[in-house]
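Numbering (the numbering used here), first residue to last: 41 to 310.
We treat Cβ as the ideally placed atom computed from N, Cα and C, and that holds for glycine.
Comments concern the structure below.
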């Protein structure tokens, strides 16, 4: 019997590519999206309305899948975005929204799926995290903090649910060519004003990040690793994928805090 996979944030980018990859390989894929009219590249993918910030939407989506399929074998928590702002400038709403999607939304969807996995005594939760859950960069403090939280969730949750034969993994993504710049970034207006005391940092650093994403490789490796985790019960718990992740995640372990900071500043010209 084919495994049933629910992917959040799957209308475009990494989520859609992952949905396409799994569907091509025989999985029953439900692509969670905030747009009812979102089109999939493969007709076999089942679009389902799912807004990770709305509990009713989450519960309706999960219950719909359970009623149709009888199970959810795999949850891929992919929905997320990044806030570009200094700590000084970020509004209460911007800070809350960053965590509402990247952290609270992830927890809400996980909470909704877990009872069914627990009852089945089988399940897999894959969180699409980031190498920025292991290191910091300027103007991304809130995004960094949200991804650090995701890493902590993986560490704790897997200890809670391993007794029910439920696995929990993190993919620490590097920078890939997706629509993250156009759709996945929110920029604080005050941070980008010419009058900002951070003007020089912003004018130097933001183009570096945008260029790295726009010119990065296609995110197929993320989709392939998701499939590998599903099919390999002995897969690593934390898996860095992509150039930045594969360089900086190991370095964070190997170097002292001071030496690592020097390396980051040199790399990004900070």
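Within its chain, find whatever has a CB closer than 6 Å to the CB of residue i; leave out the 5 residues flanking it on each side and keep chain order.
i           : result
residue 215 : 252, 253, 256, 284
residue 183 : 122, 123
residue 86  : 70
residue 49  : 55, 118, 119
residue 226 : 123
residue 158 : 204
residue 132 : none
Within a Cβ cutoff of 8 Å, which residues of the same chain sit near residue i, ignoring the five residues on either side of it in sequence?
i           : result
residue 42  : 66, 67, 68
residue 325 : Outside the displayed span of the chain (41 to 310) sits residue 325, for which this structure offers no information.
residue 134 : 123, 125, 182, 226, 228
Among the options, whose alpha-carbon lies nearest the alpha-carbon of residue i?
i           : options            : result
residue 228 : 167, 204, 128      : 128
residue 106 : 306, 46, 264       : 46
residue 115 : 92, 241, 130, 240  : 92
residue 130 : 263, 146, 230      : 230
residue 150 : 109, 201, 134      : 201
residue 64  : 84, 156, 75        : 84
residue 113 : 270, 293, 303      : 270
residue 126 : 148, 194, 239, 103 : 239
residue 44  : 152, 237, 110      : 110
residue 169 : 97, 248, 282       : 282
residue 104 : 309, 286, 156, 132 : 156
residue 97  : 133, 132, 152, 134 : 152
Considering only residues of the same chain and omitting the five flanking positions on each side of residue i, which have a CB-CB separation below 7 Å?
i           : result
residue 101 : 72, 88, 89, 90
residue 139 : 186
residue 180 : 122, 124, 172
residue 289 : 171, 174, 212, 280
residue 141 : 92, 93, 119, 120, 121
residue 267 : 61, 62, 65
residue 232 : 242
residue 145 : 92, 93, 119
residue 160 : 111
residue 189 : 143
Counting only beta-carbon separations shorter than 8 Å, does residue i have a partner in chain D?
i           : result
residue 240 : Considering every chain present, this structure includes no chain D. It has just one protein chain.
Could you tell me which residues DSSP puts in a beta bridge with residue i?
i           : result
residue 73  : 89
residue 212 : 169, 280
residue 125 : 180
residue 164 : 114, 207
residue 291 : Looking at the DSSP assignment, residue 291 forms no beta bridge with any residue, so it has no partner.
residue 225 : 122
residue 44  : 68
Between the C-alpha atoms of residue i and residue j, what's the straight-line distance to the nearest angstrom?
i           : j           : result
residue 99  : residue 191 : 24 Å
residue 137 : residue 306 : 32 Å
residue 234 : residue 143 : 32 Å
residue 154 : residue 108 : 17 Å
residue 148 : residue 95  : 7 Å
residue 246 : residue 275 : 35 Å
residue 75  : residue 273 : 33 Å
residue 259 : residue 310 : 27 Å
residue 287 : residue 249 : 16 Å
residue 295 : residue 176 : 15 Å
residue 237 : residue 308 : 19 Å
residue 293 : residue 299 : 11 Å
residue 304 : residue 217 : 22 Å
residue 297 : residue 196 : 24 Å
residue 178 : residue 301 : 12 Å
residue 244 : residue 291 : 24 Å
Three or more C-beta pairs under 8 Å: does that hold for the stretch 198–213 against the stretch 151–168?
Under the 8 Å Cβ criterion, the stretch 198–213 counts as touching the stretch 151–168, having at least three qualifying pairs.
Between the stretch 262–276 and the stretch 46–64, do at least 3 Cβ pairs fall closer than 8 Å?
Short answer: they touch.
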